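J.: Submitted below is the structure of interest, expressed as structure tokens.
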Amino acid sequence: MAEALTVDATREPYPDSFFALSWRFAPDPGRPAQTSRGLLDDVLAILAITARHELLIPTHVHDGARRIALEVDSVAAFVERLAALIDAREVGPYLDEIGGHGLVARPDGARVRQDGLISLQDLRLGEREFSVVTRKSLWTPIALDRSFGFEWQVELADLNGPRLERCLQEIDVALDLAVEPAAHELDREQPIWIRGFKLFTSPEILRREFACDPPPGLASIDRFIAPGA
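For the sequence shown, position 31 matches number 31 in UniProt numbering, and the numbering has no gaps at all.
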């Protein structure tokens with residue numbers, strides 16, 4: 001275990017976890033009065049929010065086995081290019097992924113580029129359905145990634161976890177769709193739990209690692225325990 005509150009700040013890119021975390025947005029069948037939108041209105045709204053938060057600046061789409069680069073200088077231009085591909089029937093209204101890069105805020109004050117920080121996946125544009133997905137664990141106080149080293153990263157989590165939460169909250173408000181897992185649910189499916197738009201390391205992992213090797217300066221893990229855990 002690292003002897004500091006953060007993992008090595010020079011380690012880049014931040015490795016993927018061995019699992020994915022996602023929020024699925026879709027119309028609520030119990031609310032038939034929801035406003036219909038143009039085919040790409042949702043995508044434009046979502047990407048404007050993710051780009052403003054510097055979590056997903058889109059650069060490409062995945063359609064089946066194809067990765068199509070759309071290197072442009074703005075979200076609006078990206079959506080225009082995507083609309084042209086759809087109009088030309090080069091891609092359909094169902095997309096596997098819209099991906100790109102974001103910026104990770106580091107404890108040293110720098111912001112570093114990270115590919116695949118978050119992405120949009122399983123998009124059904126005509127049905128207003130999509131998922132926001134991340135395979136990173138830098139949002140939480142213990143790194144759970146493919147290095148299989150359980151390292152404390154409290155400062156990294158404090159800097160980036162709230163950024164993701166605010167971004168998802170803005171998407172939720174902007175689109176007024178139902179979301180799974182629901183805000184009142186505590187999703188315990190993965191080692192990182194989901195409550196609303198906030199992520200929590202499993203309390204079992206937190207308590208074990210804190211008992212074995214607490215990081216200097218951290219007196220309690222209470223604030224990292226999910227409500228209702």
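Glycine included, every Cβ here is placed at the ideal spot set by N, Cα and C.
These figures come from a predicted structure and were not determined experimentally.
Less than 8 Å between the CB atoms is what I'm expecting for Ser119 and Ile98, so what's the real figure, rounded?
T.: That pair is a contact at about 7 Å.
J.: Applying the 10 Å Cβ sphere with the 16-neighbour rule, what's the burial state of Glu151?
T.: buried
J.: Is Glu129 helix, strand or coil by DSSP?
T.: strand
J.: Going straight from the alpha carbon of Pro216 to that of Arg66, what length do you get?
T.: 47 Å
J.: Whether or not the region 158-166 and the region 57-74 are in contact is what I'm after, with contact meaning three or more pairs of Cβ atoms, one per stretch, closer than 8 Å; do they touch?
T.: no
J.: What are the start and end residues of the alpha helix (DSSP H) that includes Ala174?
T.: Val154 to Leu175
J.: Leaving out the 5 sequence neighbours to the left and right, which residues in its chain are closer than 6 Å to Trp24 when beta-carbon positions are compared?
T.: The identity of residue 24 in the sequence shown is Arg, whereas the question assumes Trp. Ser131 and Glu180, listed in sequence order.
J.: Throw me the rounded Cβ distance for the Ile49 and Ile171 pair, which I believe falls under 8 Å.
T.: 5 Å
J.: Please identify the residue among Val79, Leu40 and Val133 whose C-alpha is closest to the C-alpha of Arg124.
T.: Checking every option, the nearest Cα to that of Arg124 belongs to Leu40.
J.: Tell me whether the beta-carbon of Arg195 lies closer than 7 Å to the beta-carbon of Asp16.
T.: no
J.: For a quick check, are the C-beta atoms of Glu165 and Lys198 less than 7 Å apart?
T.: yes
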